[in-house]
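All residue numbers for the sequence shown refer to our numbering, where the first residue is 6 and numbers rise by one.
Cβ coordinates follow ideal geometry from the N, Cα and C atoms, glycine included.
The structure under discussion appears below in the form of structure tokens.
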Amino acid sequence: MTNRRRRAAWPMGRLACCLLALALPLSSTIAHAEGSVVHHAAFASKFVKPRDVSVWLPEGYDPKGERLPVLYMQDGENLYDSSRSLSGANWGVDVTVSRLIREGKMPRVIVVGMASTDLRGREYLPKKIYDRLPAATRVAIATGWGGEPLSDEYLKFIVRELKPFIDRSYHTKAGAADTYVMGSSMGGLISFYAQAEYPQVFGASASLSLHWLLGSSRDQRPDSAIHAPQVSKAFADYLDGSALKPAGHRVYIDQGTATLDASYRPYSLAFEDLMRARGWTRGGDFESRVFAGENHSEAAWNKRLATPLEFLFSQRTKLAAAPRAHADAEYLDFLRRAQVPDDYMVGKFGTADVVLLGEDHAVRQNLAFVAALIPKLYAAGVRNLVMEFGAQEDQQALDALLGAATFDEGKAKALMFHYNSMWSWKEYRDLYRAAWTFNRALAPGRKPFRIVNMSYVYDWRGFDGVRTPRSLARIFSRGVVDAFRADLISRDILDRGEKALVLTGTLHAFTHFAMPETHADSDGFCLRTENALGNRLLKAYGMRVANVLLHQSLPNRPGVKPAFVQPGGGEIERLMRLNANVPVGFDLRGTPLGDVREPGYYGLCDDKLTLGGFFDGYVFLAPFWQLEAATPDPDFVDEINLRSALDQFPDPDWSPKPADLKGIKADLQKMADDIDRRYRAAE
6 MTNRRRRAAW
16 PMGRLACCLL
26 ALALPLSSTI
36 AHAEGSVVHH
46 AAFASKFVKP
56 RDVSVWLPEG
66 YDPKGERLPV
76 LYMQDGENLY
86 DSSRSLSGAN
96 WGVDVTVSRL
106 IREGKMPRVI
116 VVGMASTDLR
126 GREYLPKKIY
136 DRLPAATRVA
146 IATGWGGEPL
156 SDEYLKFIVR
166 ELKPFIDRSY
176 HTKAGAADTY
186 VMGSSMGGLI
196 SFYAQAEYPQ
206 VFGASASLSL
216 HWLLGSSRDQ
226 RPDSAIHAPQ
236 VSKAFADYLD
246 GSALKPAGHR
256 VYIDQGTATL
266 DASYRPYSLA
276 FEDLMRARGW
286 TRGGDFESRV
296 FAGENHSEAA
306 WNKRLATPLE
316 FLFSQRTKLA
326 AAPRAHADAE
336 YLDFLRRAQV
346 PDDYMVGKFG
356 TADVVLLGED
366 HAVRQNLAFV
376 AALIPKLYAA
386 GVRNLVMEFG
396 AQEDQQALDA
406 LLGAATFDEG
416 KAKALMFHYN
426 SMWSWKEYRD
436 LYRAAWTFNR
446 ALAPGRKPFR
456 IVNMSYVYDW
466 RGFDGVRTPR
476 SLARIFSRGV
486 VDAFRADLIS
496 RDILDRGEKA
506 LVLTGTLHAF
516 THFAMPETHA
526 DSDGFCLRTE
536 NALGNRLLKA
546 YGMRVANVLL
556 HQSLPNRPGV
566 KPAFVQPGGG
576 EIERLMRLNA
586 NVPVGFDLRG
596 TPLGDVREPG
606 YYGLCDDKLT
616 LGGFFDGYVF
626 LAPFWQLEAA
636 TPDPDFVDEI
646 NLRSALDQFP
656 DPDWSPKPAD
666 LKGIKADLQK
676 MADDIDRRYR
686 AAE
């Protein structure tokens with residue numbers, strides 16, 4: 006067995022560890038690469054010895070937000086930090102759980118780790134199963150562990166003391182359907198026993214390398230031919246009197262085939278037969294797995310942790326994939342507890358340094374919202390608004406504009422024209438004015454609020470309408486645009502320890518989501534790419550990057566009319582109507598609204614795509630019938646800059662180039678009319 010099972014042989018070493026823990030603060034929070042851990046030192050109990058309790062909170066945990074299910078784990082010292090583990094290894098729970106949440110394979114959860122003590126063997130040995138063993142076998146096991154089982158007292162500590170404390174102190178879902186328990190080796194034994202003793206408390210259990218031998222590692226391994234039937238009968242007799250039944254419960258066990266795990270197969274085979282005879286279905290409410298070549302160690306459990314987690318939570322994720330997995334009352338309860346949009350956006354910077362705000366370009370309400378957000382961002386330490394529509398070549402001129410004694414509308418217009426000769430929208434220039442107005446009100450010496458241009462000037466001259474690597478290299482002379490933008494944000498924001506709101510088109514704001522497209526030579530005839538600005542930043546900076554989707558029309562599937570549709574197949578608009586169209590901001594991942602199916606174009610390669618698998622958060626400002634296009638400036642192009650506007654007319658293969666000034670003015674207005682029609686058509 007590993008060092009974990011040798012603890013009983015050196016009780017003073019374990020006691021020293023516990024005494025050291027008593028010197029820690031009552032509770033302390035430590036940020037991890039994935040989420041954060043709150044440590045409650047020397048948690049007192051009237052049933053068992055004090056022990057440290059760690060509470061892992063997922064990224065973006067909100068004590069006033071959604072209620073989360075809870076996973077209770079044994080040997081809490083081994084879950085995250087190798088320096089706390091006696092074996093020098095850990096399970097990497099924070100990393101694996103965070104990844105599965107991002108992938109939509111399990112909901113957002115709280116993980117409670119309960120450290121073991123020098124009485125670990127006795128606390129983890131299931132008493133009512135032990136009691137059903139022959140007397141000689143009980144004596145041998147008790148001698149090895151230094152005394153009779155203390156498991157019933159240990160479970161009282163969890164159920165009567167710890168769980169009520171967790172449910173009071175954290176925003177949990179307290180029912181059995183949302184309460185899970187997991188452990189390994191002897192920790193696996195007590196996890197299964199906890200569920201069997203308290204099926205009304207624990208809806209599911211997972212036991213990795215469940216220690217069927219029951220005894221201490223100092224003992225010679227028993228003869229399986231004799232011992233396995235004894236253990237199997239004890240389990241069978243115990244389960245016959247237990248209230249644990251398949252309906253509403255899930256049980257997972259596994260083992261490796263090396264070191265101590267090599268002794269387990271006769272026991273697990275008998276247990277599989279026992280469960281089958283009592284109505285449990287393999288692969289449904291019960292699973293037993295064997296991992297060839299894997300040994301009995303933290304490293305092995307770390308490697309396969311995703312497997313039991315996916316099994317435990319698979320029923321929840323199947324429900325989440327359903328288009329109407331929640332009743333309207335649950336949706337409305339969630340919405341009525343949601344934040345106002347500006348507070349929600351500012352709050353995202355509590356856990357992220359860069360928040361990408363995905364917009365449908367040139368929607369008036371969206372741009373007014375961002376302009377009004379500037380003072381609150383600054384107060385929260387966010388001094389940068391990074392904008393897609395602006396050239397890095399003009400950054401010094403933009404900085405000067407925002408710091409000038411008077412606001413120069415002509416310069417603002419010239420800067421926007423230099424980047425895009427058809428981007429006439431007044432509300433984008435109003436963002437410049439809003440930042441200038443705010444900076445003028447700052448006390449002398451305060452750092453100004455900056456608008457950072459993240460693009461560069463493209464050269465559309467001579468484009469023949471055919472996109473090839475060579476023609477694109479001429480147009481985009483400084484490289485792939487989203488790669489350029491990601492490098493700029495890395496260099497100017499993240500690597501300098503700054504924070505920024507990034508206003509960009511939805512296609513560029515993808516982080517976890519991979520853009521789909523039909524492709525004849527790809528498996529499933531679908532190709533997924535992760536080249537967006539947000540994809541690149543997430544790969545480099547992980548959870549320092551988040552994204553939020555502004556309520557907007559989304560493209561429909563190819564060949565299906567209308568061309569643009571409402572998010573969630575209209576479900577978001579419907580629910581917002583029920584909520585009186587109150588503006589709100591809320592998380593999507595792991596929430597009822599995140600479970601809403603997204604059936605449009607972005608689900609092309611995934612019929613089960615949900616909004617929670619699409620974006621991290623959502624801001625609803627107004628229903629479709631109120632959203633309207635920004636204001637086109639008919640004088641943006643005139644006789645003076647006409648030739649330049651025509652030479653640099655963007656994307657002429659998407660929209661035919663006008664012939665003259667009259668055609669340009671008509672085109673500017675048509676862009677606004679198209680936006681208005683799109684929202685009316687998608688109502």
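Taking the alpha-carbon positions, what's the residue i to residue j distance?
| i | j | result |
| --- | --- | --- |
| Ser482 | Ala545 | 24 angstroms |
| Leu27 | Glu82 | Confidence at Leu27 is low in this model, with a pLDDT of 31, below 50, so its placement is unreliable and the value that follows should be read with caution. Going by the C-alpha atoms only, they are around 14 angstroms apart. |
| Gly450 | Asp404 | 16 angstroms |
| Gln370 | Ala384 | 22 angstroms |
| Thr264 | Trp306 | 14 angstroms |
| Ala343 | Phe518 | 24 angstroms |
| Gly180 | Lys168 | 11 angstroms |
| Asp691 | Val471 | Any question about residue 691 goes unanswered here, given that the chain covers just 6 to 688. |
| Pro271 | Ala233 | 7 angstroms |
| Phe170 | Ser196 | 19 angstroms |
| Phe530 | Met548 | 31 angstroms |
| Val624 | Leu436 | 19 angstroms |
| Ala635 | Lys308 | 52 angstroms |
| Ala325 | Asp592 | Residue placement at Ala325 cannot be trusted, given a pLDDT of 40 that sits under 50; the coordinates are not used to answer. |
| Ile645 | Leu651 | 12 angstroms |
| Lys566 | Asp611 | 20 angstroms |
| Glu414 | Gly109 | 47 angstroms |
| Asp338 | Ala514 | 29 angstroms |
| Leu542 | Ala491 | 6 angstroms |
| Asp278 | Met187 | 22 angstroms |
| Gly467 | Ala568 | 31 angstroms |
| Arg582 | Leu598 | 14 angstroms |
| Glu315 | Gly288 | 12 angstroms |
| Ser293 | Ser210 | 12 angstroms |
| Glu202 | Tyr336 | 34 angstroms |
How far does the alpha helix (DSSP H) with residue i in it reach, from first residue to last?
| i | result |
| --- | --- |
| Gly415 | Glu414 to Tyr424 |
| Ile669 | Leu666 to Ala686 |
| Phe374 | Arg369 to Ala384 |
| Phe641 | No alpha helix (DSSP H) contains Phe641, which DSSP labels as neither H nor E. |
| Ser174 | Lys168 to Ser174 |
| Tyr66 | Taken as a continuous stretch (DSSP letters only), Tyr66 belongs to no alpha helix (DSSP H), as it is neither H nor E. |
| Asn307 | Glu303 to Arg309 |
| Met280 | Arg270 to Ala282 |
If you follow the beta strand (DSSP E) that residue i is part of, which residue opens it and which one closes it?
| i | result |
| --- | --- |
| Ala525 | From DSSP, Ala525 is part of no beta strand (DSSP E); its letter is neither H nor E. |
| Trp61 | Arg56 to Leu62 |
| Asn444 | Asn444 -> not in any beta strand (DSSP E); alpha helix (DSSP H) instead, spanning Lys431 to Arg445. |
| Val256 | Arg255 to Gly261 |
| His44 | Ser41 to Phe48 |
| Asn389 | Asn389 to Ala396 |
| Arg294 | Phe291 to Phe296 |
Is the beta carbon of residue i sitting closer than 8 angstroms to the one on residue j?
| i | j | result |
| --- | --- | --- |
| Trp96 | Leu317 | no |
| Phe619 | Tyr606 | no |
| Val164 | Val206 | yes |
| Pro628 | Leu673 | no |
| Leu130 | Leu219 | yes |
| Pro204 | His254 | yes |
| Phe354 | Val387 | yes |
| Leu76 | Gly40 | no |
| Ile498 | Phe443 | no |
| Thr148 | Gln235 | no |
| Ile669 | Pro661 | no |
Assuming residue i contacts residue j (C-beta within less than 8 angstroms), just tell me the rounded distance between them.
| i | j | result |
| --- | --- | --- |
| Gln653 | Trp465 | 5 angstroms |
| Val553 | Gly539 | Not quite, the Cβ-Cβ distance comes to about 11 angstroms (not below 8 angstroms), so this is no contact. |
| Tyr198 | Ile134 | 7 angstroms |
| Arg438 | Met421 | About 12 angstroms separates the two Cβ atoms, so there is no contact after all. |
| Tyr424 | Val391 | Tyr424 to Val391, Cβ: 14 angstroms. No contact. |
| Val601 | Gly573 | 4 angstroms |
| Phe162 | Ser50 | 4 angstroms |
| Arg56 | Met119 | 6 angstroms |
| Leu555 | Asp365 | 7 angstroms |
| Gly708 | Ser214 | There is simply no residue 708 to check, as the chain begins at 6 and stops at 688 in what is shown. |
Please specify which runs of the beta strand (DSSP E), each continuous and at least 3 residues long, are wholly inside the segment 454 to 501, giving them in chain order.
-> Qualifying beta strand (DSSP E) stretches, in chain order: 455 to 460.
Go through the segment 175 to 236 residue by residue and report every complete run of the alpha helix (DSSP H) that reaches 4 residues or more, in order.
-> Qualifying alpha helix (DSSP H) stretches, in chain order: 191 to 202.
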